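So the sequence lines, in the order shown, correspond to chains P and F. Taken in order, the first sequence gives residues 502 to 717; the numbers are from our numbering. Taken in order, the second sequence gives residues 3 to 45; the numbers are from our numbering.
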Amino acid sequence: VEPIKVDIWSDVQCPWCYIGKRKFEAAAAAFDGEIEVEYHSFELSPDTPVDFDGTPADYLSQRKGLPMPQVEQMLERVTGIAASVGLAYDYDHMHQTNTVKAHELLHYAKAHGRQLEMKEALLKAYFIDGGHVGRIDDLADLAAGLGFERQDVVRALTEQQYLPAVKADVAQAAAYGINGVPFFVFDGQYGVSGAQESATFANVLEQVRNAKEPAA
Amino acid sequence: MSETPRLQILGDAEVEACEGDVCIIPAHPEHAIMNRRLDEDAV
């Protein structure tokens, strides 16, 4: 039986993407079939400057004109939900930035057969460790920490080697009609939007398997 | 690129996600769909 292919559109600065990742992973771990996961790029805010000087709270307040107490309340809620799946979001130390280079790095890692590892590392760096995921040097350091060849990472990101792959993912999302992330596509036929509960992902996996294997 | 099939949508339709640069934040028991409200002026 072929594995269930799960294509996941996601952005590195998307709090629900990391939470949804954990919930999907819990369902996948409990599923007794084969699953093949591939991440795809989605830029929620492609016009964000790489060197935005501030946290996501500053960004939301300045960009959307929201009162800071309201922003802080929103982020506090997200932080609480993240904690419920074991993720210690640290909004005080996050660096709001442009994520296109992080997406290029994800494609670089995919070309080296290590995309899933890089995806987790980038999300952790941004949401938990206060890392900068927009600058080439910081991304190269992160990649080197995972054992990639730093100079080659710098070269690939500087030359924008994987930018066409990022743009192709974004175009594919548009073709599917994907407006938000995380978005999960199962076997190229079924779409699931958002950070669903693990039980929901588990039900979807069963449904997709049943559709693949008609009852004898 | 081959023709993109229409997806059959599964799962809970009312769930947290990010659209644009502000994300949908649940405020129990109702959802505060911040982005849609905030972006009305930009639509």
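Each residue gets a CB set at the ideal place from its N, CA and C atoms; glycine is no exception. All values reported here derive from a predicted model rather than from experimental measurement.
The contact set of P683 (chain P) on chain F, defined by CB atoms closer than 9 Å, consists of A19 and C20 in chain order.
In terms of Cα proximity to D508 (chain P), the closest of P:A527, P:F685 and P:F543 is P:F685. Restricted to the stretch 549-584 of chain P, not a single beta strand (DSSP E) segment is unbroken, complete and at least 3 residues in length. Going by DSSP, I637 (chain P) is part of the alpha helix (DSSP H) stretching over I637 to G646.
The beta carbons of D688 (chain P) and I505 (chain P) sit about 6 Å from each other, so the pair counts as a contact at 8 Å. Beta-bridge analysis with DSSP links I629 (chain P) to no other residue. Taking a Cβ-Cβ cut-off of 7 Å, V634 (chain P) has no neighbours in chain F, whose nearest Cβ is about 15 Å from it. Residues of chain F with a Cβ closer than 8 Å to the Cβ of N680 (chain P) are, in chain order, E21. In this structure I11 (chain F) is exposed. Its beta-carbon is surrounded by fewer than 16 other beta-carbon atoms within 10 angstroms. In this structure, W517 (chain P) sits near E18 (chain F), with a CB-CB distance shorter than 8 Å. Along the stretch 552-576 of chain P, going in chain order, the ones with a CB nearer than 7 Å to a CB of chain F are L561, R564, K565 and M575. In this structure, the straight-line span from the alpha carbon of D639 (chain P) to that of E577 (chain P) is close to 27 Å.
A direct Cα-to-Cα measurement between G614 (chain P) and F649 (chain P) gives close to 12 Å. For T580 (chain P), there are no neighbours in chain F by C-beta distance under 8 Å, as the nearest C-beta there is about 11 Å away. Annotation for H541 (chain P): no alpha helix (DSSP H) segment contains it, though the beta strand (DSSP E) segment containing it runs I536 to S542.
Below the 8 Å Cβ cutoff, chain F contributes L9, Q10, I11 and L12 as neighbours of Y691 (chain P), in chain order. Taking 7 Å as the upper bound on Cβ-Cβ separation, chain F lies near residues Q690, Y691, G692, V693, S694, G695, A696, Q697, T701, V705 and Q708 of the stretch 690-712 of chain P. The three-state secondary structure of G521 (chain P), taken from DSSP, is helix.
Closest by C-alpha distance to M595 (chain P), out of P:A558, P:A622 and P:T549, is P:A558.
For M569 (chain P), the number of other beta carbons within 10 angstroms of its own is below 16, and it is reported as exposed. Listed by position along chain F, the residues whose Cβ is nearer than 9 Å to that of V686 (chain P) are L9. Beta-bridge partners assigned by DSSP to S699 (chain P): none are found. Flagged as an interface residue toward chain F: W517 (chain P), by a C-beta distance shorter than 8 Å. The C-alpha of V502 (chain P) is placed about 47 Å away from the C-alpha of D593 (chain P).
No Cβ-Cβ contact shorter than 8 Å links F628 (chain P) with Y677 (chain P).
In this structure, the CA atom of Y609 (chain P) is about 8 Å from the CA atom of A657 (chain P).
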